[in-house]
Amino acid sequence: MDSITELYRIGYGPSSSHTMAPSKAAAMFMEKHPETNHFKVTLYGSLAATGKGHLTDKAILDQMKGKQVEIVWEPKTFLPYHPNGMKFEALNGDGNSADTWQVFSVGGGALAEEGQSQTKNAIYPFTTMEEVLTYCDKEGLAFWQVVEQFEGEAINDFLKKVWKTMCDAVERGIENEGTLPGILKLPRKAPNYYVKAKGYSESLQRRGMVYAFALAVAEENAAGGLIVTAPTCGACAVVPAVLYQLKKYHNFSEARILRALATAGLIGNLVKTNASISGADVGCQGEIGTACSMAAAAATQLFGGTNTQIEYAAEMGMEHHLGLTCDPVAGLVQIPCIERNAMAADRAFNCCTYSLLSDGKHRISFDQICKTMLRTGKDLAASYKETAQGGLAILKNIC
0 MDSITELYRI GYGPSSSHTM APSKAAAMFM EKHPETNHFK VTLYGSLAAT GKGHLTDKAI
60 LDQMKGKQVE IVWEPKTFLP YHPNGMKFEA LNGDGNSADT WQVFSVGGGA LAEEGQSQTK
120 NAIYPFTTME EVLTYCDKEG LAFWQVVEQF EGEAINDFLK KVWKTMCDAV ERGIENEGTL
180 PGILKLPRKA PNYYVKAKGY SESLQRRGMV YAFALAVAEE NAAGGLIVTA PTCGACAVVP
240 AVLYQLKKYH NFSEARILRA LATAGLIGNL VKTNASISGA DVGCQGEIGT ACSMAAAAAT
300 QLFGGTNTQI EYAAEMGMEH HLGLTCDPVA GLVQIPCIER NAMAADRAFN CCTYSLLSDG
360 KHRISFDQIC KTMLRTGKDL AASYKETAQG GLAILKNIC
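First residue of the sequence shown? That's 0 in numbering that gives the first Met the number 0, and the numbers climb one at a time after it.
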């Protein structure tokens with residue numbers, strides 16, 4: 000498996016697959032052709048279907064400033080390798096293609112070419128949870144220790160940056176008021192939720208704060224703010240909301256929070272390796288479902304759960320999001336994405352509590368749920384996978 004530095008990416012929203020990755024691809028192609036003045040970029044499938052709402056064209060044009068760029072939208076053409084296909088062409092003086100590069104945005108801001116392994120920085124000898132659990136049992140290790148062992152102690156410096164970025168997003172989000180960009184004219188809710196939650200009694204306050212923190216980060220993402228993919232932009236608020244609440248109300252040290260982030264990253268890596276974290280590929284279950292698994296595992300570890308209880312919490316986080324569609328209204332990462340982050344953060348705590356009350360034994364393993372999620376995602380109709388052709392995305396009366 001890859002380093003978790005390939006999973007936690009610090010960047011600007013609103014979408015890792017539709018904004019961050021196309022921006023990166025444009026920059027890479029520009030670097031290869033610095034003298035070229037005329038480019039043609041063709042967007043296929045999901046990138047074309049919801050690209051305007053996700054600011055895909057803006058992300059590309061920002062990287063190609065000063066150049067003549069023609070963007071072609073092909074929403075009905077799905078390339079076989081992945082629904083998020085892009086073709087970059089450098090055009091000569093006659094308007095003919097001098098060089099062509101076809102690349103795919105495969106989720107979480109990552110890029111891959113057809114036939115190319117999506118694993119970029121393989122450092123773990125494991126590919127399944129069963130292998131990880133066996134290794135932990137043999138060596139007497141916790142999940143976070145496995146991460147530190149194979150990533151090296153430098154991973155803590157990286158996780159400190161990740162945690163700071165997450166905290167900054169929460170704190171900006173609970174202060175920023177106004178309306179989010181886009182045709183929905185959606186007002187920010189995090190500041191109001193935060194103020195109202197402060198007035199509640201202790202138990203209800205804690206629950207309300209989870210919503211406030213999740214809304215804060217998700218709204219920052221929707222506004223194009225700086226966030227961390229965990230595992231994607233669209234699901235970026237679940238992990239920080241859970242960990243920020245635990246930091247605030249349980250006074251966990253930064254060292255323990257970083258260890259929880261390491262465990263969450265390992266969980267996300269396993270999903271990414273064995274299934275998919277791309278909404279265009281498997282629906283929102285791959286994004287929000289994975290984020291819930293990551294957050295549930297992190298919380299369970301912080302509360303002293305065993306490795307098997309942590310695995311159980313992660314399994315439940317995914318199991319109870321199976322079949323979740325990716326159907327953003329108007330192609331914006333707002334409805335239902337923002338609210339889904341808040342609901343998933345709350346569910347992560349439920350999974351944590353449920354697993355801690357158990358002995359960690361259960362029938363469906365995390366590895367089985369990953370395979371099931373992938374199979375379910377492949378069975379979903381394309382209209383429910385970030386194409387704006389099904390589910391909530393076809394509602395017109397709210398735009």
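We put the CB at the ideal spot given by N, CA and C, even for glycine.
Using the C-alpha atoms, what's the distance from residue j back to residue i?
| i | j | result |
| --- | --- | --- |
| residue 98 | residue 40 | 12 Å |
| residue 144 | residue 107 | 24 Å |
| residue 111 | residue 84 | 10 Å |
| residue 271 | residue 62 | 28 Å |
| residue 185 | residue 377 | 32 Å |
| residue 10 | residue 28 | 19 Å |
| residue 126 | residue 234 | 23 Å |
| residue 136 | residue 348 | 26 Å |
| residue 169 | residue 93 | 51 Å |
| residue 324 | residue 282 | 5 Å |
| residue 90 | residue 69 | 10 Å |
| residue 133 | residue 343 | 29 Å |
| residue 172 | residue 179 | 12 Å |
| residue 122 | residue 152 | 14 Å |
| residue 56 | residue 19 | 11 Å |
| residue 306 | residue 262 | 10 Å |
| residue 189 | residue 213 | 8 Å |
| residue 309 | residue 64 | 47 Å |
| residue 301 | residue 251 | 8 Å |
| residue 0 | residue 128 | 11 Å |
| residue 191 | residue 228 | 25 Å |
| residue 162 | residue 355 | 25 Å |
| residue 379 | residue 205 | 36 Å |
| residue 48 | residue 54 | 12 Å |
| residue 2 | residue 34 | 35 Å |
| residue 32 | residue 103 | 19 Å |
| residue 313 | residue 371 | 14 Å |
With burial defined as no fewer than 16 other Cβ atoms inside 10 Å of the residue's Cβ, what is the status of residue i: buried or exposed?
| i | result |
| --- | --- |
| residue 8 | buried |
| residue 391 | exposed |
| residue 397 | exposed |
| residue 394 | exposed |
| residue 284 | buried |
| residue 200 | exposed |
| residue 362 | exposed |
| residue 76 | exposed |
| residue 139 | exposed |
| residue 114 | exposed |
| residue 249 | exposed |
Would you list the one or two residues that DSSP bridges to residue i?
| i | result |
| --- | --- |
| residue 88 | 39, 99 |
| residue 71 | 41 |
| residue 384 | 325 |
| residue 104 | 110 |
| residue 366 | Beta-bridge pairing links residue 366 to no other residue. |
| residue 10 | 226 |
| residue 1 | 121 |
Whose CA, out of the options, lies closest to the CA of residue i?
| i | options | result |
| --- | --- | --- |
| residue 217 | 373, 166, 94 | 166 |
| residue 259 | 397, 297, 83 | 297 |
| residue 131 | 378, 397, 366, 372 | 366 |
| residue 238 | 291, 155, 328, 14 | 291 |
| residue 346 | 319, 358, 363, 370 | 319 |
| residue 277 | 177, 51, 385 | 385 |
| residue 211 | 74, 197, 59 | 197 |
| residue 183 | 382, 335, 95, 342 | 335 |
| residue 42 | 100, 122, 192 | 100 |
| residue 351 | 294, 50, 248, 388 | 294 |
| residue 280 | 142, 382, 58 | 382 |
| residue 36 | 95, 19, 344 | 95 |
| residue 72 | 46, 103, 81, 65 | 46 |
| residue 223 | 23, 331, 317 | 331 |
| residue 287 | 231, 44, 23 | 231 |
| residue 23 | 60, 48, 1, 304 | 60 |
| residue 303 | 194, 359, 329, 265 | 359 |
| residue 146 | 187, 338, 265 | 265 |
| residue 329 | 52, 148, 16, 17 | 52 |
| residue 254 | 156, 204, 225, 201 | 156 |
| residue 50 | 30, 26, 14 | 14 |
| residue 12 | 257, 219, 373 | 219 |
| residue 387 | 340, 16, 326 | 326 |
| residue 241 | 207, 268, 274 | 207 |
| residue 38 | 88, 337, 25, 321 | 88 |
| residue 373 | 6, 273, 81 | 273 |
| residue 177 | 225, 79, 215, 30 | 215 |
| residue 164 | 236, 58, 120 | 236 |
Following a CB-centred definition, is residue i positioned closer than 8 Å to any heavy atom of the ligand NAP?
| i | result |
| --- | --- |
| residue 43 | Among the components of this structure there are no ligands whatsoever, and the ligand NAP is therefore not found. |
**Asked** Taking only runs of the alpha helix (DSSP H) that begin and end inside the segment 243-271, which ones reach a length of at least 4 residues, in chain order?
**Response** none
**Ranges of the beta strand (DSSP E) found wholly within the segment 140-227, counting only runs of at least 3** = 225-227
**Asked** Where in the segment 295-347 do unbroken runs of the alpha helix (DSSP H), each at least 4 residues long, occur, reported from the N-terminal end onward?
**Response** 306-318
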